[in-house]
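What the sequence shown shows, in UniProt numbering, is residues 1 to 649, in sequence order. We put the beta carbon where it would ideally sit given N, CA and C, even for glycine. Encoded as structure tokens, the structure appears first; notes follow it.
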Amino acid sequence: SARGHWSTWPASASGQTVPKNHKPCCAPEERQASNKQALLTIPKPRYLEQLESYLRKELQSLDLTKKNSQELKLQPYREIFEFLIDGFKTYKPLLSAIKNEYEVTLAHQKKTICALEPLKAMVTTASEEHTRQMLALQEKENHEINMLKQEKQQLLKFIDNMKEEKISLQTQVEHLQTSVAEEYARYLDEHGARKLLLAKLNDMRNERLETAHRHVQDVKGEDVVKLTLALKMARQDLSTAQLKLNTMLADYGDVVPRRDFESLEKKYSEVLQETKTLQKDFDQLHKEYETLLEIHRETAAERDSFCTQLQRVQHNCTPRPDWAKCSEVIPGGADRWGCLAAGKTSDQLVDVLLEEIGTGVLREISAFPGWGKGDVVPVYLRHEGEVKNKKLTKKDVVNILKDVWKAKIALEQQTGKRSSLPEFFLSYLQKKYGDAAAMEWSYTLCEHMRLCRSNHVLSSFRDVLTGKVAEEQYHGQNELVSNLRKELAACDSSNSGSLTSDHTAVREAFPLKREESIQELLAASRYKLDSTEDLIDYASLFKEDEEGNAEPFVAKLRSQYVREKQEYLGQVKNELGDLTEVRADDLKTAFCTIDPAIDDRTLDTYISLAYQAPREQPDREVVPVETALERLLAGDVRRVGPSPRAGST
Numbered sequence: 001s002a003r004g005h006w007s008t009w010p011a012s013a014s015g016q017t018v019p020k021n022h023k024p025c026c027a028p029e030e031r032q033a034s035n036k037q038a039l040l041t042i043p044k045p046r047y048l049e050q051l052e053s054y055l056r057k058e059l060q061s062l063d064l065t066k067k068n069s070q071e072l073k074l075q076p077y078r079e080i081f082e083f084l085i086d087g088f089k090t091y092k093p094l095l096s097a098i099k100n101e102y103e104v105t106l107a108h109q110k111k112t113i114c115a116l117e118p119l120k121a122m123v124t125t126a127s128e129e130h131t132r133q134m135l136a137l138q139e140k141e142n143h144e145i146n147m148l149k150q151e152k153q154q155l156l157k158f159i160d161n162m163k164e165e166k167i168s169l170q171t172q173v174e175h176l177q178t179s180v181a182e183e184y185a186r187y188l189d190e191h192g193a194r195k196l197l198l199a200k201l202n203d204m205r206n207e208r209l210e211t212a213h214r215h216v217q218d219v220k221g222e223d224v225v226k227l228t229l230a231l232k233m234a235r236q237d238l239s240t241a242q243l244k245l246n247t248m249l250a251d252y253g254d255v256v257p258r259r260d261f262e263s264l265e266k267k268y269s270e271v272l273q274e275t276k277t278l279q280k281d282f283d284q285l286h287k288e289y290e291t292l293l294e295i296h297r298e299t300a301a302e303r304d305s306f307c308t309q310l311q312r313v314q315h316n317c318t319p320r321p322d323w324a325k326c327s328e329v330i331p332g333g334a335d336r337w338g339c340l341a342a343g344k345t346s347d348q349l350v351d352v353l354l355e356e357i358g359t360g361v362l363r364e365i366s367a368f369p370g371w372g373k374g375d376v377v378p379v380y381l382r383h384e385g386e387v388k389n390k391k392l393t394k395k396d397v398v399n400i401l402k403d404v405w406k407a408k409i410a411l412e413q414q415t416g417k418r419s420s421l422p423e424f425f426l427s428y429l430q431k432k433y434g435d436a437a438a439m440e441w442s443y444t445l446c447e448h449m450r451l452c453r454s455n456h457v458l459s460s461f462r463d464v465l466t467g468k469v470a471e472e473q474y475h476g477q478n479e480l481v482s483n484l485r486k487e488l489a490a491c492d493s494s495n496s497g498s499l500t501s502d503h504t505a506v507r508e509a510f511p512l513k514r515e516e517s518i519q520e521l522l523a524a525s526r527y528k529l530d531s532t533e534d535l536i537d538y539a540s541l542f543k544e545d546e547e548g549n550a551e552p553f554v555a556k557l558r559s560q561y562v563r564e565k566q567e568y569l570g571q572v573k574n575e576l577g578d579l580t581e582v583r584a585d586d587l588k589t590a591f592c593t594i595d596p597a598i599d600d601r602t603l604d605t606y607i608s609l610a611y612q613a614p615r616e617q618p619d620r621e622v623v624p625v626e627t628a629l630e631r632l633l634a635g636d637v638r639r640v641g642p643s644p645r646a647g648s649t
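Shown next as structure tokens:
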């Protein structure tokens with residue numbers, strides 16, 4: 001104010017002022033007395049009114065319907081704060097620092113919000129996709145539940161029908177029992193009537209005999225004594241006959257006629273058989289019903305488990321990468337990336353991408369550091385100082401390594417001796433490029449082989465060069481591919497270059513392969529065919545591109561070679577049992593047990609490979625089982641005959 005006081009309006013009360021020389025630490029009584037003197041009712045400061053008026057005008061002129069209305073609304077307040085900073089010169093640095101810190105914080109928050117916008121869209125998309133999947137699963141489960149409920153209702157109806165039929169049969173049985181009882185009562189009545197009739201007949205006969213006797217006595221005048229004796233004898237006979245008749249009636253009075261008995265027995269047997277059949281069917285249906293209930297409970301439990309797993313996977317899983325994006329950064333574009341990615345898994349695609357990145361970085365390196373000349377350094381890398389990078393392409397490296405193999409094979413055929421690949425590799429480079437440049441070529445080639453592990457030409461050469469596998473394995477795989485190619489050509493009698501997809505040439509070439517392995521090879525040979533095509537151009541199955549990459553058919557054949565060798569040696573390990581060290585005789589026995597068709601020459605070759613010794617020495621050596629199996633795995637080891645357990649596979 002003009003009087004030198006700081007205006008605090010309206011912080012405490014209307015019109016309050018604070019003296020310029022105010023002491024915050026004075027006593028409360030003194031501060032209260034001074035406040036009573038300073039309390040004067042004054043209007044709102046003019047500068048404050050101007051600022052509020054300016055703020056109202058600016059806010060009224062804004063269009064708050066826009067998307068960035070909050071930022072627009074913040075601008076007038078920012079200007080008012082700048083006016084305050086300019087008005088208070090003393091506190092301007094502090095207020096400016098506060099304002100700048102708020103501006104930096106707002107900019108940081110805005111940047112963070114912008115960065116989170118794509119993640120929000122991704123979360124929304126993933127949530128919608130998972131919701132759709134859950135709805136699809138629920139719809140599928142509801143359909144299955146409805147089907148099970150309908151089937152349950154049908155079974156319940158069938159059970160009710162069976163119960164009604166059972167009740168009907170029971171009613172029939174009761175009716176038949178009532179009929180039998182009635183028949184039995186009727187037969188008893190007839191039995192009593194017959195007894196009465198027989199008694200009447202006997203009385204009538206006796207009367208007739210007495211009448212006849214009196215008539216004869218009157219007519220002839222026979223002797224009374226004689227007639228009396230005859231009558232006595234007749235009465236005795238009558239008593240005997242009556243006794244026999246009563247005995248017979250007593251014994252057979254309850255007996256029904258055999259014809260009626262057999263008829264009733266037959267009906268009873270049929271009804272009993274039908275009842276047993278119905279009871280058996282009812283028990284079977286009840287058992288099936290219990291089984292269905294148990295299956296339903298298990299299905300519900302599996303459904304709940306799958307839902308839980310789905311929720312857990314949805315919560316933990318990360319989205320699969322879009323490999324098509326790699327075509328934008330890989331030299332050659334989408335066409336080359338399509339060739340590189342054909343038939344490969346995600347893990348293999350990562351290797352391919354790393355190779356492309358590594359080769360790209362390798363082209364930017366001008367020199368390699370030397371490894372030195374120590375004994376542990378391979379002979380083809382012994383060099384002091386830096387070595388110039390020749391900056392070769394993968395195509396150039398593949399052609400050079402193929403030439404090395406050709407030169408080595410030609411030299412061995414001329415001399416008849418097997419030479420070491422590391423020494424021959426160095427001599428080949430020295431002979432072709434000179435002693436000075438040999439190390440440059442050697443280091444460049446080795447770096448390419450180290451990076452390009454998915455390329456068969458480079459990886460197989462490096463494995464043999466470093467001693468990881470024996471050279472025989474490389475030649476064995478090439479011989480396998482060559483023999484199959486000759487077999488297919490021999491089956492093509494018309495020399496058309498094509499065979500049907502169901503031809504038996506592959507089975508004939510590999511009689512020891514399992515059926516699933518044959519189907520894998522056939523599927524690999526048909527991967528480029530349409531569903532309507534049936535002819536396979538077998539020559540194209542063995543082609544390689546300019547970088548030495550083989551077709552999926554040959555790649556599958558090589559992978560099966562490695563897998564079958566591992567299974568073969570796994571059987572050998574199982575046959576050895578718990579042995580930690582093995583002698584040559586035990587190893588021979590194991591090979592002969594799992595492969596009875598193996599010949600002595602092949603067996604001696606495997607034993608020599610396992611013991612790294614001539615054929616006459618292994619009998620006296622003992623090596624660890626794992627060491628022997630590792631040496632066999634590095635060499636060319638294959639099954640000779642069918643397995644004795646499964647016959648010919």
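A residue is called buried when at least 16 other Cβ atoms come within 10 angstroms of its Cβ; residue 560 meets this threshold and is buried. Across the set 316, 633, 629, 602, the C-alpha of 602 shows the shortest separation from the C-alpha of residue 641. Following the DSSP letters along the chain, one finds residue 400 inside the alpha helix (DSSP H) bounded by residues 394–415. Residue 381 holds the alpha-carbon nearest to the alpha-carbon of residue 429 among 381, 415, 83.
About 6 Å separates the beta carbons of residue 148 and residue 296, which is inside the 8 Å limit, making them a contact pair.
Residue 273 counts as exposed, since fewer than 16 other C-beta atoms from the protein chains shown sit within 10 angstroms of its C-beta. Taking every protein chain shown into account, the CB of residue 384 has fewer than 16 other CB atoms within 10 angstroms, so this residue is exposed. Minimum Cα-Cα distance from residue 351 among the listed residues 491, 333, 455 corresponds to 455. Closest in C-alpha terms to residue 516, from the list 478, 557, 544, 538, comes 557. A residue is called buried once 16 or more other Cβ atoms fall within 10 Å of its Cβ, and residue 611 is buried on that count.
Across the set 472, 141, 388, 377, the C-alpha of 141 shows the shortest separation from the C-alpha of residue 307. In the three-state reduction of the DSSP assignment, residue 51 falls in the helix class.
Burial of residue 623 is indicated by the presence of at least 16 other C-beta atoms within 10 angstroms of its C-beta. In this structure, the CA atom of residue 114 is about 60 Å from the CA atom of residue 290. In this chain, the beta strand (DSSP E) harbouring residue 388 covers 386–388. Here DSSP, grouped into helix, strand and coil, assigns residue 306 to helix. Across the set 547, 484, 549, 166, the C-alpha of 166 shows the shortest separation from the C-alpha of residue 283. Residue 123 sits in a helix when the DSSP states are folded into three classes.
In the DSSP assignment, residue 369 falls within the beta strand (DSSP E) that extends over 367–369. Pairwise C-beta distances place the stretch 571–580 out of contact with the stretch 479–497, as fewer than three of them are shorter than 8 Å. Taking the Cα of residue 504 as reference, the smallest distance to any Cα among 108, 519, 461 is reached at 519. DSSP places residue 624 in the uninterrupted beta strand (DSSP E) bounded by 622–624.
Rounded to the nearest angstrom, the Cβ distance from residue 392 to residue 444 is 6 Å, consistent with a contact under 8 Å. For residue 357, the uninterrupted alpha helix (DSSP H) run begins and ends at 346–364, by DSSP. Around residue 159, the same chain offers 282, 285, 286, 289 as residues with beta carbons nearer than 8 Å, after the five sequence neighbours per side are excluded. Under DSSP, residue 607 shares a beta bridge with no residue. For residue 506, the enclosing alpha helix (DSSP H) covers residues 505–509. Rounded to the nearest whole angstrom, the CA to CA distance from residue 511 to residue 639 is 11 Å.
Taking C-beta atoms as the reference points, residue 609 and residue 573 fail to come closer than 8 Å. Note on geometry: alpha-carbon atoms of residue 439 and residue 422 lie some 13 Å from one another.
Within the model, the alpha-carbon separation for residue 336 versus residue 400 is close to 22 Å. In this structure, the straight-line span from the alpha carbon of residue 52 to that of residue 87 is close to 15 Å. Residue 406 sits away from residue 424, with the two beta carbons spaced by 8 Å or more.
Taking every protein chain shown into account, the CB of residue 150 has fewer than 16 other CB atoms within 10 angstroms, so this residue is exposed.
Between residue 271 and residue 180, the gap from beta carbon to beta carbon reaches 8 Å or more. Annotation for residue 466: no beta strand (DSSP E) segment contains it, and DSSP assigns it neither H nor E.
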